[in-house]
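1 is the number of the first residue of the sequence shown in the numbering used here; add one for each residue after it.
Cβ atoms here follow ideal geometry from the backbone N, Cα and C, with glycine treated the same way.
On a predicted model such as this, the values are computed, not experimentally measured, just so you know.
Some notes on the structure that comes next.
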Amino acid sequence: MASLLIKQDQQILRNIQLSKTDCTIGSASECEIQLSHPDVSLRQASIIWVDGYYYLEDLESSNGVLLNGEKVQHAQLQGGDKITVHCFQLKFVADEEIIVGSAAAIVEVQSVNKEYQLGKQTVTALLNISLNIHKGEFMALAGPSGSGKSTLLNLIGCIDTPTSGSILIEGQNISGKTPDELADLRLNTLGFVFQTFNLLPVLSAWENIEYPLLQQNNVDKKTRQERVQHYLNMVGLKPYALHRPNELSGGQRQRVAIARALATRPSIILADEPTANLDHKTGEGILRLMKELNHEEGTTFIFSTHDARVMEMANRVIELADGQMVK
């Protein structure tokens, strides 16, 4: 399903799935894509689906609509096209099924089951889970507490192992790998963002970001310092480089955790309830930051969440209940 990524002044506001054959853009409350601003017409433009293609059409608005910088009346949309409506920038993301179908899966979960022993009782945490996750996705594993979403995230992150079935990361079957091989995979391919941040309290923000890089033998001191500086700047924490976690707010600590996860240049970021311990405004900012990083760096993000904001911004949501995928 195609979608629109909406920005205002370079801040990501939301991601909207184009679920109808005719979606109107404007400031009126009845518009499917509402842009609240006095200079946006009540009905500015529409996006129409005809015979498998999406088209942008100006609705004779006072200010017109721009497609890739040029004013248009009617034009076919292609993946990556940029639509401008006053101060809003709308990026057209091509049909997710076409994008996913043309790319190799970066994570393959095949008939996975996970059971735990609780005393004499066997508890089934996951039952026959199969799914593919593709490079560049921004996807969420959603469900209530106890649904199995964190268990599945831990299996993908090589923190736990399935009772049966298989998981492939970048084509590598993680079953049967040695602890050292799994540690190497976690260090070089996977990045983790935890809801409790998991920062080392005796280290500064700079040192927390640098710490996993010290484990990578192929990264020299100069490269290490450049990366730490780059990601500190990217998450907006340059002035706080020497602050320890207890000198930072919850949102700042989560930004350090994101920078630390990105510093090793992983293919996949796994985020376990990343907004759970943050207030509403801070959580919104963290989500927008991760969405921007997803687009700019091409990093695959996989969340476990029950936060509606995360699900709204995700390109794809996999719902779980009682350890099973909800059809």
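Below 8 Å on the Cβ atoms is my contact criterion, and I expect residue i with residue j to pass it. Report the Cβ-Cβ distance as a whole number of Å.
i, j, result
"SER3", "ILE25", "Their Cβ separation, rounded to whole angstroms, is 14 Å, which puts SER3 and ILE25 out of contact at 8 Å."
"ALA105", "GLU319", "So it is not a contact: roughly 20 Å between Cβ atoms."
"LEU287", "VAL310", "6 Å"
"LEU237", "VAL219", "Not really, about 21 Å apart at Cβ, beyond 8 Å."
"PRO144", "HIS306", "6 Å"
"SER304", "SER130", "Between SER130 and SER304 the Cβ distance is about 18 Å, and since that is not below 8 Å, they are no contact."
"VAL93", "GLY79", "7 Å"
Within this structure, are the beta carbons of residue i and residue j separated by less than 7 Å?
i, j, result
"MET290", "PHE301", "yes"
"GLY323", "GLY148", "yes"
"PHE197", "ASP272", "no"
"SER164", "ASN128", "no"
"LEU278", "GLY250", "yes"
"SER199", "ASN208", "Going by the sequence as given, residue 199 is Leu instead of Ser. For LEU199 and ASN208, yes; Cβs fall inside 7 Å."
"GLN44", "VAL72", "no"
"TYR116", "VAL109", "no"
"GLU57", "HIS74", "yes"
"ILE267", "LEU242", "Note that residue 267 corresponds to Ser in the displayed sequence, not to Ile. Result no, Cβ atoms of SER267 and LEU242 do not sit closer than 7 Å."
"VAL40", "SER27", "yes"
"GLY283", "THR275", "yes"
From residue i to residue j, what does the alpha carbon distance come to, in whole angstroms?
i, j, result
"ILE98", "ALA321", "Residue placement at ILE98 is poorly supported in this model, since its pLDDT is 39, which falls under 50; the coordinates still yield a value, given next. Cα to Cα, ILE98 sits roughly 28 Å from ALA321."
"MET325", "GLN254", "29 Å"
"VAL100", "MET139", "Caution is warranted here: a pLDDT of 42 is assigned to VAL100, below 50, making its placement in the model unreliable, and no coordinate value can be reported."
"ASN132", "ILE169", "10 Å"
"ALA261", "ILE159", "15 Å"
"PHE192", "ARG265", "12 Å"
"ARG186", "LEU77", "39 Å"
"GLN172", "LEU126", "21 Å"
"GLY119", "LEU5", "48 Å"
"GLU210", "VAL228", "6 Å"
Going by C-alpha distance, which of the options is nearest residue i?
i, options, result
"LEU8", "THR21, CYS87, ASP22, SER41", "Inspection of the sequence shows that residue 8 is occupied by Gln rather than by Leu. If we check each option's Cα against that of GLN8, CYS87 comes out closest."
"ARG224", "TRP206, LYS238, LEU237, VAL256", "TRP206"
"THR299", "CYS31, VAL107, LYS20", "VAL107"
"ASN68", "LEU203, LEU90, LEU59", "LEU90"
"LEU248", "GLY285, PRO201, ASN217, ASP184", "PRO201"
"LEU293", "VAL50, GLU137, LEU18", "GLU137"
"CYS23", "TRP49, ALA259, ASN15", "TRP49"
"ALA281", "GLN252, GLU297, ALA259, ILE258", "Just to set this straight, residue 281 is Lys in the shown sequence, not Ala. Ranking GLN252, GLU297, ALA259, ILE258 by Cα distance to LYS281 puts GLN252 first."
"TYR54", "ASP180, THR178, ILE83", "ILE83"
message: Taking 8 Å as the cut-off, does the region 231–242 touch the region 140–158 (at least 3 CB pairs, one atom from each stretch)?
response: The region 140–158 is not in contact with the region 231–242.
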